[in-house]
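Heads up, the thing below is written out as structure tokens.
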Amino acid sequence: MKNLKITVAGVGAIGGLLAAMLGRKYEDSITLVARGNHAMALREKGLTLKSDFYGDSTMRPAAVAERGEDIPVQDLVLICCKNYSLDELCEQIRPCIGAETIVMPVMNGVEPGDRIREKFPEAVCIDSLIYTITAKDSEHSAKQSGPYTHMFIGSKLRDERHVEASKKVYELFKEVGFDARYTDDIMSEIWQKFILNCGFNVITARYHTNTGGVRGNSEWTKDFHDLMHEAEAVGLREGVNIPEGTAENKFNYCMDNQNDEATSSLKRDVEAKRQAELDAFLGAVIRKAEKYGIEVPCSRRYYNELSEMIEAYMV
């Protein structure tokens, strides 16, 4: 694929990983969106990926932009930010999105795709999710750990324009050696990960614990189980094709097989007293449950308790 204009907006852990991988073949085509010291470091040092799975590399982007006005209309824009930053980032990059631009969020939760379609109705907005253990290592580097990293790509909208766009992005990532997987039912894949996040991320954040800690406390174990089943019930009511037994199977896998030390990004954010994506998980469950008239008592309790914890340190 020649002469592509690609922008990665949000060059933290996930954005850094994806930009660095695309940069292995498309370095001269990539613009990174960053601000302040982050932008300065990327301009001076490039973007480095330290990866157990893909190997280490450093790329020099064609440009590092702090304003959307400085970026021409793009062919592909990847949005890789926290949910609470999405509205602001969309306004920042609006000038570089045209009617033929493919926009793909790589974010947590089940709502980013719809939110972006509302923001950019003229563009071709597709969907994805990623499984990886990756952290921002410095202002100009990301660190991927472990023996896997893969991404599902597809489109909630099934018209030819969106399907072809999602296949094009899938082929692009395959071309650069990334473990990308195309799916005709991306919302099923997104919800399966979301169900796990609504249990594991929430329980580990609430009690500042890890898998081993959850295993060792029967009350936490029960709540972990119930949080996942409530999220699953909401997804099924929404009409998502969630495989039978998803919540139970993921719960059993975590309890039986997951490393004792495994934890979550939500837990790390709460421990570090940072803004956190609670609303992207339980906030979404509660909003959808209210829409469909479903009771989600465990989700409501944990949402309220974690909200109080987060509000206390964000003051």
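At position 150 of the sequence shown (counting the first as 1) the number is 190 in my numbering, and the numbers step up by one without a gap. Don't be surprised by glycine CBs; every beta carbon is placed ideally from N, CA and C.
Report, in whole angstroms, the separation of the C-beta atoms of I166 and V209, which I expect to be a contact under 8 Å. The C-beta distance from I166 to V209 rounds to 7 Å, short enough to meet the 8 Å contact threshold.
In chain order, what residues of the same chain lie with their CB nearer than 6 Å to the CB of E214, ignoring the 5 residues before and after it? According to the sequence shown, residue 214 is Lys rather than Glu. Taking K214 as the centre and dropping the five residues before and after it, the same chain places the C-beta of A220 closer than 6 Å to its C-beta, in chain order.
Please go through the region 218 to 251 and give each complete alpha helix (DSSP H) segment of 4 or more residues, from N-terminal end onward. Qualifying alpha helix (DSSP H) stretches, in chain order: 226 to 247.
Beta-carbon proximity of G63 to K176, cut-off 9 Å: No, the pair does not count as a contact, with Cβ atoms beyond the cut-off.
Once DSSP output is grouped into helix, strand and coil, what is the label at A312? In the displayed model, A312 falls within coil according to three-state DSSP, outside both helix and strand.
Can you say whether V274 is buried or exposed, counting buried as having 16 or more other CB atoms within 10 angstroms of its CB? Flag for V274 reads buried.
When DSSP builds the beta bridges, which residues end up paired with Y171? Looking at the DSSP output, Y171 bridges to H190.
Does the beta-carbon distance from L322 to C238 come in below 9 Å? It is a contact, given that the beta carbons lie within the stated cut-off.
Which of helix, strand or coil does DSSP assign to L44? L44 falls in the coil class under three-state DSSP.
My guess is that L267 and I243 are in contact by the Cβ rule of under 8 Å, so how many angstroms apart are they, rounded? Contact flag correct, Cβ pair sits at about 7 Å.
Sufficient close CB pairs (3 or more, under 8 Å) joining the region 242 to 257 to the region 328 to 346: A contact exists between the region 242 to 257 and the region 328 to 346.
Assign S195 to one of three DSSP states: helix, strand, or coil. Coil, per DSSP.
Could you tell me whether the region 79 to 97 touches the region 143 to 154, using the rule of 3 or more Cβ pairs below 8 Å? By the C-beta criterion, the region 79 to 97 is judged not to be in contact with the region 143 to 154, since fewer than 3 inter-stretch pairs fall below 8 Å.
Looking at chain D, is there any beta carbon in it that lies within less than 9 Å of the beta carbon of K208? Checking the listed chains, one finds no chain D in this structure; it contains a single protein chain.
Buried/exposed call for K290, threshold 16 Cβ in 10 Å: K290 counts as buried, since no fewer than 16 other beta carbons sit within 10 angstroms of its beta carbon.
I'd like the span of the alpha helix (DSSP H) that includes S91, first residue to last. Where S91 is concerned, there is no enclosing alpha helix (DSSP H), although the beta strand (DSSP E) it sits in stretches over 87 to 91.
Would you mind giving the Cβ-Cβ distance between P145 and G108, rounded to the nearest angstrom? I have them listed as a contact below 8 Å. Contact doesn't hold; Cβ gap of about 16 Å is too wide.
Residue range of the beta strand (DSSP E) that includes P337: Careful: P337 lies outside any beta strand (DSSP E), inside the alpha helix (DSSP H) at 337 to 354.
Going by CA-CA distance only, name the one from P161, M349, R155 that's closest to N123. Of the candidates P161, M349, R155, R155 places its Cα closest to the Cα of N123.
So I156 is in the alpha helix (DSSP H); what residue range does that whole segment cover? Per DSSP, I156 is one residue of the alpha helix (DSSP H) stretching across 152 to 159.
Quick one: is N299 buried, meaning 16 or more other Cβ sit within 10 Å of its Cβ, or exposed? Exposure of N299 is indicated by the presence of fewer than 16 other C-beta atoms within 10 angstroms of its C-beta.
Kindly list the residues whose CB is nearer than 6 Å to the CB of S178, restricted to its own chain and excluding five residues on each side of it in sequence; keep chain order. Excluding sequence neighbours, S178 sits near nothing in its chain.
If you draw a straight line from the C-alpha of D263 to the C-alpha of I326, how long is it? Approximately 16 Å between the Cα atoms of the pair.
Can you tell me whether DSSP reads T303 as helix, strand or coil? If DSSP states are grouped into helix, strand and coil, T303 belongs with coil.
Please report how far the alpha carbon of A59 lies from the alpha carbon of F240, in whole angstroms. So the two alpha carbons sit approximately 28 Å from each other.
Helix, strand or coil at C136 according to DSSP, with G and I counted as helix: C136: helix per DSSP, three-state reduction.
Is it buried or exposed, P101, if we count other Cβ atoms within 10 angstroms and call 16 or more buried? When all chains shown are included, P101 counts as buried.
Quick one: residues in its chain with C-beta nearer than 7 Å to the C-beta of S185, no 5 flanking neighbours on either side, listed in chain order? Result list for S185: D92, I173, in chain order.
I need the boundaries of the alpha helix (DSSP H) containing I326, first residue and last residue. Annotation: the continuous alpha helix (DSSP H) that includes I326 extends over 324 to 332.
To the nearest angstrom, report how far apart F192 and E229 are at their CA atoms. Straight-line measurement puts the Cα of E229 at about 8 Å from the Cα of F192.
For L72 and V216, what's the separation of their Cα atoms in angstroms? Going by the C-alpha atoms only, they are around 18 Å apart.
Going along the chain, which unbroken runs of the beta strand (DSSP E) with 3 or more residues stay wholly within the region 73 to 124? Taking only runs of at least 3 residues, the beta strand (DSSP E) segments lying wholly in the region 73 to 124 are 87 to 91, 97 to 99, 103 to 105, 116 to 119.
I70 by DSSP, collapsed to three states: which one? Under the three-state reduction of DSSP, I70 is assigned to strand.
So what does DSSP say about M147, is it helix, strand or coil? In the three-state reduction of the DSSP assignment, M147 falls in the coil class.
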